[in-house]
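Visitor: Chains as they are written, first to last, in my numbering: chain A, 285 to 422; chain B, -7 to 84; chain C, 518 to 698.
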């Protein structure tokens, strides 16, 4: 981080500008995915992955712009927090979504969890009447 | 150049926020809406980040962390709530 | 929950992490501040007791660095894959839920594998069976049995990488035997 040389300065500016635009585009990618994908699970892919990369790019651009070393640990910690929280919330939402049958079976090529769930439900003595509710709930 | 970058990112983020809001409005289920709200919060975070980078300050950093924590806690809570409610209606 | 004392060595990674967070939040890495942070870290770790994470007792830095770089590259690839799928395929994308049995039964390794799986291209953890340590993974754009097998192999490769970094010696030797066979 040496702000003395002018050329180095412009290079850093250019790189951070590219990263900022790319990070914003990642948000757009998430939104496009939210709108275009057919069911909850695929939308969740769209919501989680670009978010992580987008924040990484933006924090990197911020670190480049600040030009001092002491901001980097804060930015790294912020990103690691996001790395730790995003999969957890995605898993929680996905689990709830699978259990409340927010899937379109015709869009799945295989479903290896369904048999397990059916077996567990059978053991607990449930009559499986979720078919109508799944269509009614949508 | 920074002005150009700001304009481009503002347009892109506005489009993204619009998409997320459409999904919140349309989303067939509660979980879809929660997911879209999470994305909307991420977009707000991105906007805070870009503001900091463009104006070279760090005032929003804690706000950024707070926003992402709210998104996390919110979606986990709602996901648990949805699953719980579902199990109760099953058992009754 | 048994409240057995955990050794300082097992607690050390947590304490170091807490001190780093403390220093980063104050944006001040002077020795005095770090010392105070360490004091608070010890206090917090003692007062808010959590079940200890059972580490394997080894950490291979040489393997960890390429793994982290690969992970970053995969995160980038994941975002662009989602972007491509959203634009090109959209509503017609086909996915699958695949069961992946893992080798390790350690909670830490299963959790770490699940986290990384959720962030690399095309996979998302839907359900975890802790008793058999099986991950049920939702894969996007998985159209055939071959794709599903590829996904399963990817996840198990991730786990193998993690075992090489921080798995126990027993897991490592089992993995080496499996690779040699």
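Glycine included, each C-beta is placed from N, C-alpha and C at the ideal position. Treat the numbers as computed from the prediction; the structure is a model and nothing was measured.
If you check the beta carbons only, do residue 580 (chain C) and residue 681 (chain C) fall under 9 Å apart?
Guide: Contact: yes.
Visitor: Inspect the beta-carbon positions of residue 645 (chain C) and residue 627 (chain C) and report whether they are closer than 9 Å.
Guide: Going by C-beta atoms, residue 645 (chain C) is nearer than 9 Å to residue 627 (chain C).
Visitor: Looking only at DSSP bridge pairs, what is residue 614 (chain C) linked to?
Guide: DSSP, once it has assigned bridges, lists A:395, C:655 as partnering residue 614 (chain C).
Visitor: Scan the segment 375 to 386 of chain A for residues whose Cβ lies nearer than 8 Å to a Cβ of chain B and list them as they occur along the chain.
Guide: Flagged, chain order: 376, 377, 379, 380, 381, 383, 384, 386.
Visitor: Tell me where the beta strand (DSSP E) around residue 646 (chain C) begins and ends.
Guide: 640 to 646 is the extent of the beta strand (DSSP E) around residue 646 (chain C).
Visitor: Once you ignore the five residues that flank residue 67 (chain B) on each side, which residues in its own chain have a CB closer than 6 Å to its CB?
Guide: Result list for residue 67 (chain B): 26, 30, in chain order.
Visitor: Any idea if residue 650 (chain C) is buried or exposed, counting beta-carbon neighbours within 10 angstroms, 16 or more meaning buried?
Guide: That one is buried.
Visitor: Would residue 670 (chain C) and residue 636 (chain C) qualify as a contact pair, given that the criterion is a beta-carbon distance under 9 Å?
Guide: Not closer than 9 Å, so no.
Visitor: Taking only three categories from DSSP, how would you classify residue 674 (chain C)?
Guide: Residue 674 (chain C) falls in the helix class under three-state DSSP.
Visitor: Decide yes or no for the touch test of the segment 372 to 380 of chain A against the segment 338 to 351 of chain A: beta carbon pairs closer than 8 Å, at least 3 of them.
Guide: Not touching, per the Cβ criterion.
Visitor: For chain C, is any of its Cβ atoms less than 9 Å away from the one on residue 317 (chain A)?
Guide: Answer yes: the Cβ-Cβ gap between residue 317 (chain A) and chain C drops below 9 Å somewhere.
Visitor: Would you mind stating whether residue 619 (chain C) and residue 589 (chain C) have Cβ atoms separated by less than 9 Å?
Guide: No; because the gap between Cβ atoms is not below 9 Å, this pair is not in contact.
Visitor: Give me the Cα-Cα distance between residue 24 (chain B) and residue 604 (chain C), rounded to the nearest whole angstrom.
Guide: Near 19 Å, if we compare the C-alpha coordinates of residue 604 (chain C) and residue 24 (chain B).
Visitor: Taking only beta-carbon atoms, is residue 304 (chain A) less than 9 Å away from chain C?
Guide: So, not an interface residue.
Visitor: Tell whether a beta-carbon distance below 9 Å holds between residue 607 (chain C) and residue 321 (chain A).
Guide: In this structure, residue 321 (chain A) lies closer than 9 Å to residue 607 (chain C) by Cβ.
Visitor: Classify residue 13 (chain B) as helix, strand or coil using the three-state DSSP reduction.
Guide: If DSSP states are grouped into helix, strand and coil, residue 13 (chain B) belongs with the helices.
Visitor: Does the beta-carbon distance from residue 4 (chain B) to residue 319 (chain A) come in below 9 Å?
Guide: No.
Visitor: Would you check if the segment 38 to 45 of chain B and the segment 11 to 24 of chain B touch, i.e. whether three or more CB-CB distances between them fall below 8 Å?
Guide: Cβ pair count under 8 Å is below three, so no.
Visitor: Between the alpha carbons of residue 324 (chain A) and residue 315 (chain A), how many angstroms are there, rounded?
Guide: Each residue's Cα considered, the two are about 14 Å apart.
Visitor: Is the CB of residue 28 (chain B) under 9 Å away from at least one CB in chain A?
Guide: Taking Cβ atoms only, chain A reaches closer than 9 Å to residue 28 (chain B), which makes this a yes.
Visitor: How big is the Cα-Cα spacing for residue 357 (chain A) and residue 395 (chain A)?
Guide: If I take the Cα positions, the gap works out to 42 Å.
Visitor: Roughly how far, in whole angstroms, is the beta-carbon of residue 659 (chain C) from the beta-carbon of residue 612 (chain C), given that I think they are within contact range, below 8 Å?
Guide: Right, the Cβ-Cβ distance comes to about 6 Å (below 8 Å), so this counts as a contact.
Visitor: Rounded to a whole number of angstroms, what is the C-alpha to C-alpha distance between residue 297 (chain A) and residue 562 (chain C)?
Guide: Near 42 Å, if we compare the C-alpha coordinates of residue 562 (chain C) and residue 297 (chain A).
Visitor: At the level of alpha carbons, what is the spacing between residue 642 (chain C) and residue 368 (chain A)?
Guide: Their Cα atoms are separated by approximately 14 Å.
Visitor: If you count every other CB in all the chains shown that lies within 10 Å of the CB of residue 663 (chain C), and 16 or more means buried, which is it?
Guide: Label assigned to residue 663 (chain C): exposed.
Visitor: Taking all protein chains shown into account, decide if residue 52 (chain B) is buried (16 or more other Cβ within 10 angstroms of its Cβ) or exposed.
Guide: So residue 52 (chain B) ends up on the buried side.
Visitor: Nearest by alpha-carbon distance to residue 294 (chain A): which of A:317, A:364, A:349 is it?
Guide: Considering only alpha carbons, the answer is A:349.
Visitor: At a CB-CB cut-off below 8 Å, which residues of chain A make contact with residue 62 (chain B)?
Guide: Going along chain A, no residue has its Cβ under 8 Å from residue 62 (chain B), so there is no contact; the nearest lies around 11 Å.
Visitor: Considering only the beta carbon of each residue, do residue 696 (chain C) and residue 665 (chain C) sit closer than 9 Å?
Guide: Contact: no.
Visitor: Hey, out of B:19, B:21, B:6, whose CA is closest to residue 313 (chain A)'s CA?
Guide: Closest option to residue 313 (chain A), Cα to Cα, is B:6.
Visitor: Are the C-beta atoms of residue 616 (chain C) and some chain A residue less than 9 Å apart?
Guide: True, the Cβ-Cβ gap to chain A drops below 9 Å.
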